[in-house]
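Novice: Have a look at this one.
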Amino acid sequence: MRSEISEIVSLTVLFALLYAFMNFQTEVLGRVLIVIQTDMLIAIYSFLLAYIIFGLFRYTKPVKPFALSVAFYLILKVVAYSISKFSAFAIVYPFVYTMDMYFLLFFLGFGVARVELPEFKKVKYIQPVVSAAGLFMMGYFGYVLISSLPVAPEITEKIAIGFLAFLFILAATSLANLSEKPAAKWLRNSRWFLLSFLILAVSYYVVIRPKILDRPGLVNFMEWALVGIFLLKFSSDFRKSTSIEEIEAVEVHRQRLSYRKDEIIQRLEEARRMFLEEGKKSPLIISLSRILFDSGWSEDRIAALISPLISYSDEKIPKISFNWEKNMIVKKNRSRRVKILKKIEEKLQKEGVSIGSESV
Numbered sequence: 025m026r027s028e029i030s031e032i033v034s035l036t037v038l039f040a041l042l043y044a045f046m047n048f049q050t051e052v053l054g055r056v057l058i059v060i061q062t063d064m065l066i067a068i069y070s071f072l073l074a075y076i077i078f079g080l081f082r083y084t085k086p087v088k089p090f091a092l093s094v095a096f097y098l099i100l101k102v103v104a105y106s107i108s109k110f111s112a113f114a115i116v117y118p119f120v121y122t123m124d125m126y127f128l129l130f131f132l133g134f135g136v137a138r139v140e141l142p143e144f145k146k147v148k149y150i151q152p153v154v155s156a157a158g159l160f161m162m163g164y165f166g167y168v169l170i171s172s173l174p175v176a177p178e179i180t181e182k183i184a185i186g187f188l189a190f191l192f193i194l195a196a197t198s199l200a201n202l203s204e205k206p207a208a209k210w211l212r213n214s215r216w217f218l219l220s221f222l223i224l225a226v227s228y229y230v231v232i233r234p235k236i237l238d239r240p241g242l243v244n245f246m247e248w249a250l251v252g253i254f255l256l257k258f259s260s261d262f263r264k265s266t267s268i269e270e271i272e273a274v275e276v277h278r279q280r281l282s283y284r285k286d287e288i289i290q291r292l293e294e295a296r297r298m299f300l301e302e303g304k305k306s307p308l309i310i311s312l313s314r315i316l317f318d319s320g321w322s323e324d325r326i327a328a329l330i331s332p333l334i335s336y337s338d339e340k341i342p343k344i345s346f347n348w349e350k351n352m353i354v355k356k357n358r359s360r361r362v363k364i365l366k367k368i369e370e371k372l373q374k375e376g377v378s379i380g381s382e383s384v
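Counting with this note's numbering, you get residues 25 to 384 for the letters of the sequence shown.
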C-alpha cells in the first residue's frame with residue numbers, strides 16, 4: 025500500500041511539472057516542443073492513476089492493464105501530433121490519425137495480454153489462453169500498422185512479418201503452459217532462444233542479405249549457418265531430456281561418531297524446509313543418508329529411497345515470462361516437492377522411521 029501511495033504522489037508531481045512546462049516552455053526554451061490540451065493531459069493522468077488504484081483491489085486488478093493501454097494510446101497521439109507539428113516528419117500524425125482504430129486495437133491487445141485473472145480452480149487453463157489472445161491481437165494489428173508505413177515497403181513488410189512472428193512465438197509459448205508434454209515443456213523453456221533466433225534471422229534478411237545477394241556462396245553459407253544454430257539447439261535439448269542432470273553439487277560431510285537427538289531433528293527439519301520452500305535438495309539428501317546409514321540401512325536401500333529426490337529438478341522460469349507464469353511455475357514446483365517428500369515419508373513410516381517433527 026505504501027509503494028502505491030508513493031507512486032500516486034510521484035505521478036501527480038510529474039504531471040504538475042509537465043503542466044507547468046507546457047505553460048512556460050516558450051519563456052524557458054524560446055520555442056514550443058510539445059502541445060497537449062489540458063483535457064488530454066487530465067485524461068492521461070486519470071488513466072495512469074486508475075492503473076495504480078486498480079492494482080490495490082483483487083477484483084479490479086484484472087482490468088488495470090486496460091487503463092494503461094488507453095493511456096499509452098493517448099500518449100501516442102500527443103507525441104505524434106507534436107512530432108508532426110514541430111519537426112520535419114509531418115507525415116507522422118496523418119498516419120496515426122488514418123490508422124487510429126488499428127492503434128487502439130493494438131493497445132487493447134496489449135491490455136488483454138497483461139491481464140492477470142484472480143486465482144481459482146480453472147484459472148491455470150484460462151490464463152494462458154487470455155494472454156495468448158492478447159498477443160495474437162498485438163501481432164496481427166502490429167503487422168498491419170508496420171506494413172502500412174509509407175516508407176520502404178520492401179523493408180517494412182519483412183519487419184512486419186518478423187514482428188508478427190515474434191508475438192506469435194510469445195503466444196504459442198504461453199499456450200504451452202496448458203500441457204506437461206515434453207514438446208510443450210521444450211517450447212516454453214526455449215522461449216528466449218526462439219525469440220533471439222527470430223531477431224537474428226530478421227536482422228539478416230533485412231540488413232545483411234540485400235547487401236550480399238551478388239555473392240550466392242556467402243548467402244548459402246549464412247542461411248545454412250542459421251539452420252545449423254537451430255538444429256544444434258534442438259539436438260542439445262533433446263539429449264538433455266533423455267538423461268538426468270544433477271545440477272546441484274552434493275557437499276560431502278565427514279561423519280561424526282555420535283549425534284545428539286535434538287540436533288539431528290533440528291537439522292532434518294531445516295533440510296525439509298529448505299527443500300520445500302527453496303528447492304535445495306542437497307541438505308535433505310545428506311541428512312537422510314546420514315541418519316539411515318546410522319540406522320543400519322544398506323546403500324542400495326537408501327539409493328532406492330532417495331532416487332526420486334536426487335533426480336528431481338525445479339522447472340525453470342523462462343527469461344521472458346509473465347507474472348502469472350512465474351507464479352504458476354513456482355506453485356507447480358512446490359507442489360511437486362511436496363509430493364516427492366510425502367512419498368519418501370510414507371515409505372519410511374512403513375519401515376517405522378519418521379522424518380517429521382517427531383523423533384527419528
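C-beta: ideal position from N, C-alpha, C; glycine also. Just so we're clear, the structure is a prediction, and the values are computed from it rather than from any experiment.
Looking at the structure shown, is Q49 part of a helix, part of a strand, or coil, going by DSSP?
Specialist: Three-state result, Q49: helix.
Novice: Alpha carbons only, please: which of M123, L92, W210 is nearest the one belonging to Y167?
Specialist: Cα-wise, what sits closest to Y167 is M123.
Novice: Report the residue from S34, K101, F127 whose alpha carbon sits nearest the alpha carbon of A67.
Specialist: When each option's Cα is compared against that of A67, the closest is K101.
Novice: With DSSP run on the structure shown, which of helix, strand or coil describes G135?
Specialist: Helix at G135.
Novice: Taking buried to mean at least 16 other C-beta atoms within 10 Å of its own C-beta, is M125 buried or exposed?
Specialist: With fewer than 16 other Cβ atoms within 10 Å, it is exposed.
Novice: Let me know the alpha helix (DSSP H) ranges lying completely inside the region 160 to 248, each 4 residues or longer, listed in chain order.
Specialist: Correct list: 177 to 199, 206 to 213, 215 to 227, 233 to 236.
Novice: Taking only the alpha-carbon atoms, compute the straight-line gap between F165 and I185 and give it to the nearest angstrom.
Specialist: In a straight line, the C-alpha of F165 is about 11 Å away from that of I185.
Novice: Quick check on L281: buried or exposed, where buried means 16 or more other Cβ atoms within 10 Å of its Cβ?
Specialist: With a pLDDT of 34 at L281, under the threshold of 50, the modelled position of that residue is not reliable, and no figure is offered here.
Novice: Could you give the first and the last residue of the continuous alpha helix (DSSP H) run that contains K356?
Specialist: Its alpha helix (DSSP H) spans residues 347 to 374.
Novice: Buried or exposed: A207, going by 16 or more other Cβ atoms within 10 Å of its Cβ?
Specialist: Exposed: under 16 other Cβ atoms inside 10 Å.
Novice: What is the DSSP secondary structure of Y83, reduced to helix, strand or coil?
Specialist: In this structure, Y83 counts as coil in the three-state DSSP scheme.
Novice: Can you round the beta-carbon distance between A156 and L199 to whole angstroms, since I take them to be within the 8 Å contact cut?
Specialist: Confirmed, about 5 Å.
Novice: Give the straight-line distance between the Cα atoms of T197 and L222, rounded to the nearest whole angstrom.
Specialist: The straight-line gap from Cα to Cα measures roughly 14 Å.
Novice: Per DSSP, what kind of secondary structure is P342 in: helix, strand or coil?
Specialist: Coil, per DSSP.
Novice: Closer than 7 Å: is that where the CB of N213 sits relative to any heavy atom of the ligand FMN?
Specialist: Annotation note on the ligand FMN: not contained in the displayed structure, which lists no ligands.
Novice: Return yes when the Cβ of V153 is within less than 8 Å of the Cβ of P89, no when it is not.
Specialist: Cβ atoms of P89 and V153: not closer than 8 Å.
Novice: For K363, count neighbouring C-beta atoms within 10 Å of its own C-beta (all shown protein chains included) and say buried if the count is 16 or more, exposed if not.
Specialist: K363 comes out exposed.
Novice: Are the region 169 to 177 and the region 215 to 233 in contact at 8 Å, needing three or more beta carbon pairs?
Specialist: In short, these stretches do not touch, since the Cβ pair count stays below three.
Novice: Among G133, E143, T180, which residue has its Cα nearest to the Cα of G163?
Specialist: Nearest C-alpha to G163: G133.
Novice: Once the 5 residues before and after I368 are set aside, which same chain residues still bring their CB inside 8 Å of it?
Specialist: Counting only Cβ-Cβ distances below 8 Å, and skipping sequence neighbours, we find L312, L329, I330, P332, L333, I379.
Novice: Please report the Cβ distance between V120 and F127, rounded to the nearest whole angstrom; I am assuming they are in contact, meaning their Cβ atoms lie under 8 Å.
Specialist: The pair is a contact, with the Cβ atoms about 6 Å apart (cut-off 8 Å).
Novice: Along the chain, where does the alpha helix (DSSP H) that runs through R55 open and close?
Specialist: Premise fails: R55 is in no alpha helix (DSSP H) and is neither H nor E.
Novice: Report the rounded CA-to-CA distance for E349 versus W210, giving the unit in angstroms.
Specialist: Cα-Cα distance, rounded: 15 Å.
Novice: Could you compute how far the alpha carbon of K85 sits from the alpha carbon of G79?
Specialist: The alpha-carbon atoms of K85 and G79 are separated by roughly 5 Å.
Novice: Please state the DSSP three-state secondary structure of Q61.
Specialist: Coil.
Novice: Would E339 and K356 qualify as a contact pair, given that the criterion is a beta-carbon distance under 8 Å?
Specialist: In this structure, K356 lies closer than 8 Å to E339 by Cβ.
Novice: Can you grab the Cα-Cα spacing for the pair A104 / Y117, in whole Å?
Specialist: When rounded, the distance between both Cα atoms is 5 Å.
Novice: Compare the C-alpha of I326 against each of F254, R314, S220 and name the closest.
Specialist: For the residues F254, R314, S220, the minimum Cα distance to I326 belongs to R314.
Novice: Secondary structure at P142, three-state DSSP: helix, strand or coil?
Specialist: In the structure shown, P142 sits in coil (DSSP, three-state: anything other than H, G, I, E or B).
Novice: Looking only at its chain, what residues have a beta carbon closer than 7 Å to the beta carbon of M64, apart from the 5 residues adjacent to it on each side?
Specialist: Same-chain partners within the cutoff: L98, V102.
Novice: Given a cut-off of 8 Å on the beta-carbon distance, is the pair L390 and L35 in contact?
Specialist: Because residue 390 is not part of the residues shown, which for the chain are 25 to 384, the question remains open.
Novice: Tell me which residues share the same chain as N201 and place their Cβ nearer than 7 Å to its Cβ, disregarding the 5 neighbours each side in the sequence.
Specialist: The answer, listed in chain order, is P152, R212, E349, M352.
Novice: Which one of I76, G54, I60 has the shortest CA to CA distance from S30?
Specialist: Of I76, G54, I60, the residue nearest in Cα terms is I76.
Novice: My assumption, with CB atoms under 8 Å, is that L388 sits in contact with L365. Please give the rounded CB distance.
Specialist: Residue numbering for the chain in the displayed model covers 25 to 384; residue 388 lies beyond these limits and cannot be assessed.
Novice: Suppose you measure from the CA of E143 to the CA of V56; what does that come to, to the nearest Å?
Specialist: So the two alpha carbons sit approximately 49 Å from each other.
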